[in-house]
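Worksheet: the structure to be examined is printed underneath.
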Amino acid sequence: MSFASIFRLPDFTRQPAFRFISKRSGPFDGEVTLDKNRVYILPTKTGILFGVLLTILLLGSVNYGKSLGFVLVFLLVGVGNVVMFATWRNLAGLRLRAGGSSPVFSGEEATFAVQLENNDPSARYSIAISQHGKEYEVVDVPADGVGQIHFRKKADRRGLLSAGRFRLYTEFPTGLFVAWTWIELTMQCVVYPKPVVNASLPAGDSMADGETVLNGAGLEEYTGLRKYQAGDSWRRVSWKASARSDELYTKEFAGGQPELQWIEWKAIAASDAEARLSIITRLVIDAEAGRRYYGLRMPNIELSPDHGNRHYLQCLKVLALYGHE
Amino acid sequence: MVTNNHRLTTKLTPVLLGIHVVAIPLYPHLPLQVLLVTAVLTLWTLLIISGRISQPGRFVMLLLTMMVLAVLMLSYGTILGQQPGSAMLLLLSFLKLFEMKSARDIAIVIFMGLFLIASKFFYSQSLLIAIYVFVVVVYLTSLLIVFSDRLGTTRFKARMYKSLRMIIQAVPLMLILFVLFPRIPSPLWGVPKDAVAATTGISDEMSPGSINRLIGSGEVAFRVKFNGDPPTRSDLYWRGLVLSNYDGRTWRLENAPAEALPLLVPSGDEKSRYRYIVMLEPHNQRWLYALETMVEYEGQLAVTREMQVLTRSNVIDVISYNMRSDIKAENRGLFEPERRKNLALPAGLNSESVSFARGLFKNSNREDRTYIGNVLKHFSEMGFKYTLSPPLLGENAMDEFLFDTRRGFCEHFASAFVYLMRAAGIPSRVVIGYQGGAMHPFDDYMIVRQSDAHAWAEVWLEDEGWVRVDPTAAVSPTRIEEGIEHAGLERGLLPSILISDNVIIQRARFMWDSFHNNWNQWVVGYNRKRQQELLEMFGFNNATSSDLAMWLVVSMTLAGSLVAWLVIRRESIKQVDIIRLYYDRFCRKLERAGVPHRSNEGATEFMARVVKIFPANKQELAMITGDYEHLRYGGVEDENRVRRYMRAVRRFKVKG
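Spelled out as structure tokens, the structure:
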């Protein structure tokens, strides 16, 4: 629309318009309260239209000498004023806390959570979050309560991904004004290397060297159930048994010799370190999927063969942070 | 911002309702075709909301817009002007609903509603309208809340409450702006011709029945505040306009009133002088009413040679004006063209009356004063009757009235009297206005109603100038001395406010009138002059516009800070959390039963532990815990649930 293009506002939604705003936006360690000098407010396009309407009504009232016209215009001016503070108030005073983020593979989108803590006896409505001009979520925060809001960021590289500065804003209660803040909280997401599509282990490296102790746990023969412990493979959870009670149960097996596998940095042939990490990542994924016992031997660290979710994540984390420590 | 179109249409119901709320006072004025289109568009919108049909495409919209314009053209003949403009705004609001794409479109509809509301002030600025507008503004603001609440979690009641609160918070700033905003004389440009409500009141001509028809109306014509005691009732002649042209049936105003000062001779008697302010209800005419004989006025008015007071433009709002009258002053102005005009009679009519007049004049020794006395005597002694339901008159109206029917209202008597004067060669004319007025029983102003409308005569006597003669007084002296309600007229034809015996209702009516009067003076009639007066009351004399602007800025800053404080302030004492208090009570009950709540334990965990110990209470435990979590952390605002929760905690008792 040509109308819109003539009256386009400077786009404050992509990045802070002034240096002093960026300076105040953080990064903050863990948490920050949105106090008065961090919340900004401007009329929206609707708000500007409202201003035009009031001007026309005022001119009409002056021209026709209609006192009630003045009353209406001035009441609406008053409402505009109240609304400005109310909109500002809907955001100011909120306490932000860095929430967690689950690790992702490079190339995927990382999701960052921000906790919104409302210490007021009234709820706050329609608070939205955006980064680089893109809106991700709208939430309400109950009175004296806590809410969570998320935004996503593309993970381009393995390692640690910083959440970066985001914009928190609201137009509630009328849409005539928008109040916003720019905040950066120290939040990082672990990004695993992007796995190659498929890879196989170089022959001869996969057998255990006999020294590894395997907690006496085998894979062949079912011996019974025990309570689930963190690190147990999800594949061995007995869903049938777990469904009958509140707890999770893991199936135990005895006897047989599990397949052991060492995944070694040295043994992988690749052009550079990143390519090598991608191959290793694929191997770790496959090994876990294949319920094998696998160990990881990196130039700087060695993880002895094991399996289960905890081991799996530990391996991936080592790969993600390789060279970053 | 992503707005789901489907969700938007489901939010349209309150907007549709809003359009109708805004349009209610418009409906009685709308032509049938426009009402029909309104109904059709409403149905259409409802179908869109229910999802039965989708929003119309661009082509259909174009067609609809053209259809709407065509209907308006057919109904009004134009789309310009106040009434077709309002109707167009109404119909276009519906079309805007059809093509709703974002919350901003809704805002436009809401703004159109505000315009529509403002256009009502052309018709009325009464207190009732003000209250209605206030309600509408609260509702429209709550609509803005609907569309800024993007998750749709707020409840109707909560929105109305929030909106009401914001608007009440807006009142201080509104008052400051209203009082201090500089007022300039209006209009800056033209006023639409149709921008006036239908009014009752005296028109600029008089024929049999034209004053008569006003008598049934208890409406207030104007209110008067005297500086001191008012004159006696029989001196309360409120002069409006002078009718000199007679065509045998109708008395008309002289076409071009000469704006020249009449030759007034004040009486010099202080006791016959009165100062007063008239607060005139809008009558959509140019003339004002003044106590006879007005000698001084304030403001931009014009006085004609016939002693008519005129404003620059038609009175379409309540206005007030200061005047000074001398009830004994003489008006000595009569110029030759005027003399001719005030002797003219339509040729070939009422020959009987003319010969009667000549005969009577001869019998009165051609003495003007004696002749006038004889004519009045004729009215009072020859069986003339003052009545609200006179018989209809034919072509020779004067002959029929004087010698046949002999029953008439003030216009008949004034008309016949002037006719007989002119027939005898005495210049005379009809004056119409109001006679009488009643003091408000417990306020200090006088109310003059439409039922006080009256017509009388003026004759020219060479040594005295224009002299008022009221022939009605000869027929019904009580009409002049005590008022129309005591004149022995048909009671059923008089307004109920004059004849009601119900003291409480009468009192309520006068209280309302008093209130209305203040409203008129301080709100509707608030202008530059009133502003100055008000500021003088606070000790600010001769405030200029720039003074006003400065005070405006200062007080707005103060008011702004007040609002900021009201809206932003933190609650110093936290609202007592009833949910939490009841949960503590619940925990104490369990503690007494031997199961204390551990500080690190969540409500659900606690419940799981308690259920194992008191399985018989499982149901209540689950309900209380569930309600507690929902009400306290789930952001649920459900009064029924709160009540259920509190009842459950109160009744909770450990079993086994």
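Protein sequences appear in the order of chains A and B.
Be aware that the first sequence starts at 1, since it is given in our numbering, and climbs by one per residue.
Be aware that the second sequence starts at 1, since it is given in our numbering, and climbs by one per residue.
Glycine included, each C-beta is placed from N, C-alpha and C at the ideal position.
Cβ shell of residue i (< 6 Å), same chain only, five flanking positions each side left out
i: A128 (chain A); result: E135, V138, Y169
i: I319 (chain B); result: L280
i: N215 (chain A); result: Residue confidence is low: N215 (chain A) scores 48 on pLDDT, short of 50, so the model does not pin down where it sits. Its coordinate-derived value is still stated next. Excluding positions up to five away in sequence, the list is empty.
i: L552 (chain B); result: L180
i: L334 (chain B); result: W460
i: M187 (chain A); result: A98, F112, A163
i: S22 (chain A); result: P16
Per-residue DSSP class, three states only, for residue i
i: V39 (chain A); result: coil
i: R340 (chain B); result: helix
i: G77 (chain B); result: coil
i: K655 (chain B); result: coil
i: E536 (chain B); result: helix
i: N363 (chain B); result: helix
i: Y698 (chain B); result: This structure does not reach residue 698 (chain B), given that chain B is present from 1 up to 656, and the question cannot be answered.
i: P305 (chain A); result: strand
i: W512 (chain B); result: helix
i: N322 (chain B); result: strand
i: S162 (chain A); result: strand
i: L96 (chain A); result: strand
i: K23 (chain A); result: helix
i: T65 (chain B); result: helix
i: S67 (chain A); result: helix
i: E117 (chain A); result: strand
i: R275 (chain B); result: strand
i: I263 (chain A); result: strand
i: R297 (chain A); result: strand
i: M294 (chain B); result: strand
i: F413 (chain B); result: helix
i: H150 (chain A); result: strand
i: D317 (chain B); result: coil
i: A208 (chain A); result: A caution first: A208 (chain A) carries a pLDDT of 44, below 50, which makes its placement in the model unreliable, though a value can still be read off. DSSP places A208 (chain A) in coil when its eight states are reduced to three.
i: V309 (chain B); result: strand
i: R167 (chain A); result: strand
i: T111 (chain A); result: strand
Close Cβ partners of residue i (< 8 Å) along its chain, the five nearest in sequence each way excluded
i: I211 (chain B); result: I202, F409, C410, E411, I432, A453, H454, A455
i: G488 (chain B); result: Y386, S476, T478
i: G436 (chain B); result: R233, L236, V448, D452, H454, I480, G483, I484
i: L345 (chain B); result: Y246, V354, Y419, R422, A423
i: V318 (chain A); result: L296, M298, I301, L303
i: H20 (chain B); result: T42
i: L621 (chain B); result: M607, V610, V611, F614
Beta-carbon proximity list for residue i, same chain, < 7 Å, skipping 5 on both sides
i: Y322 (chain A); result: L277, M298
i: G69 (chain A); result: L57, G60, S61
i: I613 (chain B); result: V595
i: T65 (chain B); result: L95
i: M207 (chain A); result: In this predicted model, M207 (chain A) has a pLDDT of only 45, less than 50, meaning its place in the structure is not dependable; the value taken from the coordinates is given anyway. Correct list, in chain order: L260.
In DSSP terms, what residue i is bridged to
i: L243 (chain B); result: B:L253, B:V430
i: A453 (chain B); result: B:Y434
i: K134 (chain A); result: A:Q131
i: R468 (chain B); result: B:E458
i: K225 (chain B); result: B:I277
i: M446 (chain B); result: B:V224, B:M439
Integer Cβ distance of residue i from residue j, believed to fall under 8 Å
i: L69 (chain B); j: I53 (chain B); result: Their Cβ separation, rounded to whole angstroms, is 23 Å, which puts L69 (chain B) and I53 (chain B) out of contact at 8 Å.
i: L34 (chain A); j: L94 (chain A); result: 5 Å
i: V191 (chain A); j: G159 (chain A); result: 6 Å
i: P185 (chain B); j: M439 (chain B); result: Between M439 (chain B) and P185 (chain B) the Cβ distance is about 33 Å, and since that is not below 8 Å, they are no contact.
i: E367 (chain B); j: G465 (chain B); result: Contact doesn't hold; Cβ gap of about 18 Å is too wide.
i: L65 (chain A); j: D317 (chain B); result: The sequence given here has Gly at residue 65 (chain A), not Leu. Right, the Cβ-Cβ distance comes to about 6 Å (below 8 Å), so this counts as a contact.
i: P471 (chain B); j: F417 (chain B); result: 4 Å
i: G18 (chain B); j: L140 (chain B); result: 6 Å
i: V135 (chain B); j: I167 (chain B); result: The Cβ separation is near 10 Å, so there is no contact.
3-residue-minimum beta strand (DSSP E) runs that sit fully inside the stretch 136 to 210 of chain B, ordered along the chain: none
Segments assigned beta strand (DSSP E), at least 3 residues, entirely inside the stretch 97 to 130 of chain B: none
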